[in-house]
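Structure first, then comments.
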Amino acid sequence: MVFIEAYNYAVAHQGKLLLALQQHLLLVGVPLSIALFVGGGLGWQCAYWSRRNTWVAKLSIASILNLFNGLRVIPSLAILFLLVPFLGLTFQAAALALTLLALPPILLGTEVGFRQVSGSVREVGQAIGMTPWQLFCQVDIPLALPLMLAGIKTATLEVIASATLAAFIGAGGLGSLITLGFALNDPAILLVGAMPVAVLAMVAEWMLTGLQRLVQAPQL
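The opening residue of the sequence shown carries number 249 in my numbering; numbering runs sequentially from there.
Structure representation (structure tokens):
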């Protein structure tokens, strides 16, 4: 059976599998960290501008959201190959492509999350003497967090799956085993690469969904 063959291959090539797994986790962790910092910051800024009902604020918000929404229609593989002439067949090219993939859902989730915070709730906080920093930490973030986590979950699952494409430019990861399995027409090797990706995606989805439920619980 193919599963037995896959198990035997994984046992015989433990070092190769662990290296591919480490590379894959790095390909997921680095882009997500950058996207959280950049997308989260831009999302909060857009929500902050939305409280200023001016045409400049509206134009700025529309420009940023349309720009990053446009990135969502470009296939990950296309972005990856567009970056190769500039960054070469490197980890940096793969990381940047995956960062561009992760940015839109995180930015949009953050923007919607902060924008839906009720102005009346913030006014109550100001009335009882909260500083802007206290309002941000104790009111804005707790209320925006469920929608922010929804965007982070979407980005995480997309990056875990799309990181397999990094193998096409020699950046490693579990995708290298998948492409090797295709090249050798060996379903066992393909399975050794594909199963950890599926497990990573399921674990990430389970953890982030649980975290969403946890942060939503006090609001019920």
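From the three backbone atoms N, C-alpha and C, an ideal C-beta is built for every residue, glycine too.
Beta-carbon proximity of residue i to residue j, cut-off 8 Å
i, j, result
"leucine 422", "valine 445", "yes"
"proline 435", "alanine 350", "no"
"isoleucine 408", "alanine 449", "yes"
"glutamine 364", "leucine 395", "yes"
"serine 410", "leucine 346", "yes"
"tryptophan 292", "threonine 358", "yes"
"leucine 328", "alanine 341", "yes"
"alanine 403", "glycine 361", "no"
"isoleucine 312", "leucine 348", "no"
"isoleucine 400", "leucine 456", "yes"
Between the CA atoms of residue j and residue i - distance to the nearest angstrom
i, j, result
"leucine 459", "leucine 397", "8 Å"
"methionine 443", "aspartate 388", "39 Å"
"asparagine 256", "glycine 287", "42 Å"
"alanine 258", "alanine 326", "31 Å"
"threonine 427", "leucine 438", "7 Å"
"valine 451", "glutamate 406", "14 Å"
"valine 386", "serine 366", "For the record, residue 386 in the displayed sequence is glutamine; it is not valine. Looking at the two C-alpha atoms, the distance is approximately 13 Å."
"isoleucine 282", "leucine 462", "25 Å"
"serine 298", "tryptophan 454", "33 Å"
"methionine 250", "glutamine 262", "Rather than methionine, the amino acid found at residue 250 in this sequence is valine. Taking the straight line from one Cα to the other gives about 18 Å."
"leucine 432", "proline 352", "36 Å"
"glutamine 464", "isoleucine 322", "33 Å"
"tryptophan 381", "glycine 277", "29 Å"
Coil, strand or helix - residue i by DSSP
i, result
"histidine 261", "coil"
"alanine 283", "helix"
"aspartate 388", "helix"
"isoleucine 408", "helix"
"glycine 441", "helix"
"alanine 415", "helix"
"leucine 432", "coil"
"glycine 336", "coil"
"serine 366", "coil"
"methionine 450", "helix"
"threonine 379", "coil"
Inter-residue CB distance, residue i and residue j (contact presumed, cutoff 8 Å)
i, j, result
"isoleucine 376", "leucine 284", "Actually they do not touch by this definition, with Cβ atoms about 31 Å apart."
"valine 440", "leucine 425", "5 Å"
"alanine 419", "leucine 315", "With 8 Å as the limit, alanine 419 and leucine 315 do not qualify as a contact, their Cβ atoms being about 26 Å apart."
Give a yes or no on contact between the region 267–277 and the region 329–337, applying the rule of three or more CB pairs nearer than 8 Å. The region 267–277 makes no contact with the region 329–337: fewer than 3 CB pairs, one atom from each, lie closer than 8 Å.
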